[in-house]
């Protein structure tokens, strides 16, 4: 059983939506930890890798999500806009009363956009809270805040449109472990990165 309710709005300055959802599963198939850790030989080892198995359980999901694009204005220096979004999910294993694993925590995102003629640029801030709502046999994750930036230039060649861009992510090189990743305790997400590219559409 699932239900959701969403409110969408657009007044020329703000355009976005707010929604809530609820889902109940009588047989949710999830990759759940068994509580054992195994070595390369498949034998139990306290320093080994956690074992997971697909299991069907009764489960309940609920949450809220929202997003907004705020047009800040336009002048001789360009067009400016602010994008805001966030989401939060709770998920419960109804068979044992514990939280389900690998559920993303509260996440908040913001992006400042600028455009002038063929030029464009963007600054992003992404924040995730710590996640402590995990099953007894799993560890939580720390919160993090990352910063990103990008800039680009649009141009035409014949009938095709091109975009030359440079994009940087996790510019402060934070250690990020996604709560939804099964590998989070083994390998964190990528650190600081810079990408230079050329994109076209026909």
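Numbering (this note's numbering), first residue to last: -10 to 191. Cβ atoms here follow ideal geometry from the backbone N, Cα and C, with glycine treated the same way. In this text the structure is predicted, and so the values were computed from the model without any measurement.
Applying the criterion that 16 or more other CB atoms from any shown protein chain within 10 Å of the CB defines a buried residue, is residue 115 buried or exposed? One-based indexing of the chain shown puts residue 115 at position 126. The residue in question, residue 115, is buried, as its Cβ has 16 or more Cβ neighbours within 10 Å.
By the 10 Å Cβ neighbour count, where 16 or more other Cβ atoms means buried, how is residue 117 classified, buried or exposed? In the chain shown, residue 117 corresponds to position 128, counting from 1. Buried, by the Cβ-count rule.
Cβ neighbours of residue 107 in the same chain (closer than 7 Å, five flanking residues each side left out): Working through the chain shown from its first residue, we reach residue 107 at position 118. If we look at residue 107 and ignore the five residues flanking it on each side, its Cβ neighbours are 142, 143 and 144.
Distance CB(residue 43)-CB(residue 27) smaller than 8 Å: Translated into positions along the chain shown, residue 43 becomes position 54. Translated into positions along the chain shown, residue 27 becomes position 38. Not in contact: residue 43 and residue 27 (Cβ atoms no closer than 8 Å).
Under a Cβ-count criterion, where at least 16 other Cβ atoms within 10 Å of its own Cβ denotes burial, should residue 22 be classed as buried or exposed? Counted from its first residue, the chain shown places residue 22 at position 33. Buried.
Between which two residues does the beta strand (DSSP E) holding residue 96 run? One-based indexing of the chain shown puts residue 96 at position 107. 96 to 105 is the span of the beta strand (DSSP E), which, as asked, contains residue 96.
Under DSSP, the beta strand (DSSP E) around residue 25 begins and ends at which residues? The count along the chain shown starts at 1 and reaches residue 25 at position 36. Taken as a continuous stretch (DSSP letters only), the beta strand (DSSP E) holding residue 25 covers 3 to 27.
Rounded distance between the beta-carbons of residue 139 and residue 131, thought under 8 Å: For the purposes of this step, residue 131 is identified with residue 142 of the chain shown, where counting begins at 1. For the purposes of this step, residue 139 is identified with residue 150 of the chain shown, where counting begins at 1. Distance from residue 131 to residue 139 at the Cβ level is roughly 26 Å; contact not present, criterion being Cβ atoms closer than 8 Å.
Secondary structure of residue 116, DSSP reduced to three states: Start at 1 with the first residue of the chain shown, and residue 116 comes out as number 127. Strand.
Under the DSSP definition of a beta bridge, which residues are partnered with residue 167? Here residue 167 refers to the residue found at position 178 when the chain shown is read from its first residue. Looking at the DSSP assignment, residue 167 forms no beta bridge with any residue, so it has no partner.
Quick one: Cα of residue 1 to Cα of residue 60, how far? Walking along the chain shown from the start, residue 1 turns up at place 12. Walking along the chain shown from the start, residue 60 turns up at place 71. Rounded to whole angstroms, residue 1 to residue 60 spans 8 Å at the Cα level.
6 Å CB neighbourhood of residue 46 in its chain, flanking five on each side removed: Residue numbering aside, residue 46 sits at position 57 when the chain shown is read from its first letter. So the qualifying residues of the chain are 17, 82 and 84.
So is residue 91 buried or exposed if we call it buried at 16+ other beta carbons inside 10 Å? On the chain shown, residue 91 is found 102 positions in, with the first residue counted as 1. Within 10 angstroms of the beta-carbon of residue 91 lie 16 or more other beta-carbons, which makes it buried.
Best match in 41, 33, 14 and 9 for proximity to residue 124 [C-alpha to C-alpha]: Working through the chain shown from its first residue, we reach residue 124 at position 135. The shortest C-alpha separation from residue 124 is found at 41.
Closest by C-alpha distance to residue 38, when choosing among 175, 64 and 160: For the purposes of this step, residue 38 is identified with residue 49 of the chain shown, where counting begins at 1. Ranking the options by Cα distance to residue 38, first place goes to 175.
For residue 73, verify whether its CB is less than 7 Å away from any heavy atom of the ligand ADP. For the ligand ADP, the structure offers nothing, since it holds no ligand at all.
Could you pull the DSSP bridge partners for residue 53 from this structure? For this step, residue 53 is matched to residue 64 along the chain shown. Paired residues: 9 and 77.
Between the CA atoms of residue 129 and residue 168 - distance to the nearest angstrom: Residue mapping note: residue 168 aligns to position 179 of the chain shown, counting from 1. Residue mapping note: residue 129 aligns to position 140 of the chain shown, counting from 1. Answer to the nearest angstrom: the Cα atoms are 7 Å apart.
Does the region -6 to 11 come within contact of the region 30 to 37, defined as at least 3 CB pairs closer than 8 Å? no
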